[in-house]
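What follows is a set of notes on a single structure, which appears directly below.
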Amino acid sequence: MSAVIWVSPSIIMRPDPMPGHAPRSRFGQGKKGGGRDRATAVTPQTARAFSGKPWRSCPTGAARMNSPRLTGDALRAIRHRGSHLQIIACAGSGKTEVVAQRIADFFTEGVEPAAVVAFTFTDRAAQSLKRRVEQRVAERLGEAFLGKMNGCFIGTIHSYCFHLLQTYVARYDNFDVLDEHELTAFLMRVHRTIQLKAIDGQLFSSLKAFTRNLQVVENEAIETSQLQEPFGDILERFHEELESHKFLTFGQVITKAVEALDDPRVFTAVHDPLRHLVVDEYQDINPAQEALIARLATSPVHVCVVGDDDQAIYQWRGSDVGNIVGFAGRYPNVASFAITVNRRSRPAIIKTANRFAKSIEGRLEKEMRTHRDAGDIEVNCWRLSTEEEEAKRIAGTIAALAVKGFRYRDIAVLVRSSASYERLLAAFAAHKIPVQPGGRAGLFREADAQLFGRTFAYLAGYGWRPTTYAVEEPGTLDDLVRAYGDRFALKGARRKRVYARLERWRLEAQDATGPADLVGDYYALLGDCGVSSWDLRDGCAIARLGTIARCSGILVDFERTHRRPRLDPDVPGQVIGGQDRGEWYFRWLAIYIQNWALGEWEGFDGEEAFTMDAVDLTTIHKAKGLEWPVVFVPGLTARRFPPQATGKPMTWLVPEQLFNKARYEGSLNDERRLFYVAMTRARDWLSLSTHDRPNTQKVPPSPFIRDVAEKMSGYCEAISLPSVANAGNDESDILSVTVSELAEFKICGLAYRLRRLIGFQPPLAPELGYGKAVHHILRNVAEYTRQHKEAPDSRWIEDLFDEEFYLPAASKPAHRQMRDGARRLVDRYVTSHGEDLKRTWAVERPFELHLDNVVVAGRADVILGEEGGSHGALVVVDYKTATDNGQHVDRQLQIYVDAGRREGLDIRAAYVHDLHAGARIAIDVAPDQIKAAEAEVLSVAARLRARDCPPSPGVVCRTCDVRAMCRHAS
Ligand code: SF4
């Protein structure tokens, strides 16, 4: 059976995180679908009906409760209609507010929500924009209108493209996307098959070269036929491996979405409803993304690009600042506005940044203007003798700020290089300052992560190298237990338990007869170490837990790629299982962790979604789009900023005539922009510092801090603290949760906190994805039935199972067993509910319920039409498969029904369909039950806001994956 491409206006893009990334939420949650739902079209009339007041066409600046009054170019940018639009938005100029008001005004003018698509650079930025849009829409059209906004998409380009593929190209429905960590782990797994070492004979240098060049191919949308040997062949084999394991890379998500738009049916379905495309952070768009934007921004669609060339900091990852600089020359009829009032920072910070920006070559001419009043000393530029002294002064200053009332999370320490981490972390530890080092390199600066690495090196029989230039430690059991003893204060029986567990685990690691349980065993070890007794009110303890939890993520990344089966090319419907046990499994894992720890793969590695009250210690690249009241930028030496390797020629496998390699090799100008970005993250107070000696050798200060110091008449002697404790930069009180998170919280608040807020990953179960696989099959069956007006025959379903039934963590026998079980469920469903298949109105339908400052997102398995023979009457159905626990599904369905009714859908009923029993259980969706569900949502939201996550010990503890970290387990 060939791949099915299908277009269905009622199959709506999914609202949840990218599969496989939850709960780490690299793409966040609650994205809205981009497909048009004709049943929910919004007209000026419906807008009026929902506003509760007379609707009128967009008099911007009309009565609003909280919208700031914007003037000048900001107001003109909001009001402009009828052509493409370029908004040059300086740092802190409130572009989110401008974009939010512009989008909200579209709706007041009667533009349908499905006609608006807004791309943001990160998921965090998407959440921020969504919240702001919701506030402005509520002010203009009333809270009730929020329920009508389901078709509007606000999210990253990657999530948009992935949803586009999953919606309109059915074969991608059960694909997962590899993030950068997983890509590395996957390459390690398949390196022999793709002959990766043909690049230079060494595995890791070949791997680095391959991934660097792969990015170029994907960013620049280069045809693989243009590539030379050996890279071209390796890439081809790599693509085959991705396909058979049902993986996509990040870059492929974009290129394949652009390819999908070549199909006129897909293009029509995506483009027809679209009228307004907004692209935030346009300066960091790469050529492949620009190809997508250009494809979508054809008449009658108008694109509004928002960005600042001074903040283009991802050229080394493929973005092209030329996109924004040359926008007006590439698109016809472009109106341009510049928003230059910086509403974020104090005047002295703006003045310092403005002066520095003049040194950036080839920039669009502009200057930030001030908005806020001056504070006391706002910029401190200082220099100490050694790096250690510098770190101690920063830690001491942070401690003093905490005493003044600043929260730790109001403070960021932004570094150019992870080399700065070591001394800073030591100084923070001495002052008991909770900190979360960001990025992959930052993690292994933490002692707990080092111990984690040593543990898996020991299990594999390897030594451990703490840093690139350190001598490898042999890693005996005695040494390891001693290290655990020191780190976790282990004594007596506990120490013996740890010894026995590690000894046993090492033996099991060599035993290939049973599957390994990496995460489960790691948690059991933590239990032996007494982690459950840690005080969760202590910020340092929580920050330590956060570090340990991130380590669990490394295990899951590895498992997800190594256990994943591939389709058996010789036996249709069967898979060849991945590796999940034995000596080499642990060896590869140890190699993977070692290379992770040594920072072999530097870069932007996604967003950390876990929030805690800790100082943000992170690279400047990861600080993009963020702001803090207090910002330290330390380590400004001539070697670190700009790094010595800046602009150094690299060897490329992609022919150099196919791309501009200078972008990828970096330049002094790029570094200047990065420094500018670092400074403009500060709201109230900025510290720029350097040291003369990182070790025994003297190094001059960075030319950047020299520039600043010269204009400030030299370095200051002492640091002046801000006098106002301007703590609290949370921009909105609106809480976004998913229905599954609500259900999880209800089962146990503490388990929710450990998983969702601190970051402990659940172990990978073989049955993972079973429900999704069944839904995928049923989706195809439903679509066939709708197209052909009858259910498919048995042969067609068998072929469908052969091609499309796929479980990402199951071994070959487990896959076969679950496939057979799923086949029986689907057969029974088709036999007993064939008529329902004809009534399928939508599958995987996203809903968002907007209550008082809470948004609950989720998606219903299926919606049937013609309920009770009545045209337009709908029923929501949730499929229950063997792996669903079925808990709290009543509330879940009530939330969908509530959200759907607020959209204007005529939802009459809701059922849980137990596929095993072949029975339907009706859920009460009477108004009083809907009210009860809403009250429950508000109650959980109040607790979540207060970080009140109580334990609920009981029978659930028996299967709780985080029980090792819980003192309440029963
Ligand atoms: S062990 Fe029980 S009480 Fe503890 S987190 Fe898990 S479910 Fe909650």
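All the letters of the sequence shown, read from the start, carry residue numbers 35 to 1004 under this note's numbering. C-beta atoms are modelled at their ideal positions from N, C-alpha and C, and glycine is treated no differently.
{"query": "contact_flag[the region 723 to 731, the region 412 to 426] where n(CB pairs < 8 Å) is 3 or more", "result": "yes"}
{"query": "Exposure label - S239; buried when at least 16 CB within 10 Å", "result": "exposed"}
{"query": "V447 versus R488 - alpha carbon distance", "result": "28 Å"}
{"query": "Presumed contact (8 Å Cβ cut-off) between A494 and F592, rounded CB distance", "result": "A494 to F592, Cβ: 12 Å. No contact."}
{"query": "Limits of the beta strand (DSSP E) - the one that S770 falls within", "result": "L769 to T772"}
{"query": "For G181 and E146, the rounded distance between their alpha carbons", "result": "13 Å"}
{"query": "For D995 and I467, the rounded distance between their alpha carbons", "result": "29 Å"}
{"query": "Residues near G54 in its chain [Cβ-Cβ closer than 6 Å; skip 5 each side]", "result": "Caution applies to G54, whose pLDDT of 28 falls short of 50 and renders its modelled position unreliable; the value that the coordinates give is listed next. Same-chain partners within the cutoff: D210."}
{"query": "Where C574 falls: helix, strand or coil (DSSP)", "result": "helix"}
{"query": "Inter-stretch contact (C-beta, 8 Å, three-pair minimum) for the region 183 to 199 and the region 285 to 293", "result": "yes"}
{"query": "Where G64 falls: helix, strand or coil (DSSP)", "result": "Since pLDDT at G64 reaches only 30, below the 50 mark, its modelled position is unreliable, and the value read off the structure follows with that caveat. Residue state, collapsed to three classes: coil."}
{"query": "R790 CB to nearest heavy atom of ligand 1 below 8 Å", "result": "no"}
{"query": "Chain-order list of residues whose beta-carbon lies under 6 Å from that of R853 (same chain, five-residue window excluded)", "result": "F839"}
{"query": "Collapsed DSSP secondary structure at V590 in the structure displayed", "result": "helix"}
{"query": "Contact under 9 Å by Cβ, Y1014 with A387", "result": "Absent from the model: residue 1014. The displayed extent of the chain is 35 to 1004, so no value can be given."}
{"query": "Secondary structure of Q928, DSSP reduced to three states", "result": "helix"}
{"query": "Cβ-based burial, Q691 [other Cβ within 10 Å; buried from 16]", "result": "exposed"}
{"query": "Segment contact flag, the region 790 to 798 with the region 578 to 593, C-beta cutoff 8 Å, min 3 pairs", "result": "yes"}
{"query": "Check: I781 C-beta below 8 Å from any heavy atom of ligand 1", "result": "yes"}
{"query": "Option nearest I373 by Cα separation, candidates R389, E401, R351 and G356", "result": "E401"}
{"query": "Integer Cβ distance of P987 from A966, believed to fall under 8 Å", "result": "Not confirmed; about 25 Å, so no contact."}
{"query": "V923 and I941 closer than 9 Å at C-beta", "result": "no"}
{"query": "T772 vs A891 beta-carbon contact at 9 Å", "result": "yes"}
{"query": "Heavy atom of ligand 1 within 8 Å of C186 beta-carbon", "result": "no"}
{"query": "Segment contact, 8 Å Cβ cut-off, at least three pairs: the region 165 to 176 with the region 265 to 273", "result": "no"}
{"query": "Start-to-end residues for the beta strand (DSSP E) that takes in D414", "result": "First, the residue type needs correcting, since residue 414 is Asn and not Asp in the sequence shown. It spans V413 to T420 - the beta strand (DSSP E) in which N414 sits, taken as one unbroken run."}
{"query": "Selected residue, minimal CA-CA separation from G612, among P880, R740, A843 and R697", "result": "A843"}
{"query": "For E661 and R715, believed in contact at Cβ under 8 Å, the rounded distance", "result": "5 Å"}
{"query": "Residues with C-beta closer than 5 Å to any heavy atom of ligand 1, in chain order", "result": "C782, L784, A785, P985, P987, V990, C991, C994, R997, C1000, H1002 and A1003"}
{"query": "Residue span of the beta strand (DSSP E) that contains I122, given as start and end", "result": "H118 to A123"}
{"query": "Secondary structure of N763, DSSP reduced to three states", "result": "Model confidence at N763 stands at a pLDDT of 47, short of 50, so the residue's coordinates are unreliable; what they give is reported in the following sentence. Coil, per DSSP."}
{"query": "Straight-line gap, A969 to A944 (C-alpha atoms, nearest Å)", "result": "19 Å"}
{"query": "Residues that DSSP places opposite I228 in a beta bridge", "result": "In DSSP, I228 forms no bridge with anything."}
{"query": "For S567 and R1001, believed in contact at Cβ under 8 Å, the rounded distance", "result": "6 Å"}
{"query": "Residues near W40 by beta carbon distance below 6 Å, same chain, minus five either side", "result": "Confidence at W40 is low in this model, with a pLDDT of 31, below 50, so its placement is unreliable and no value can be given for it."}
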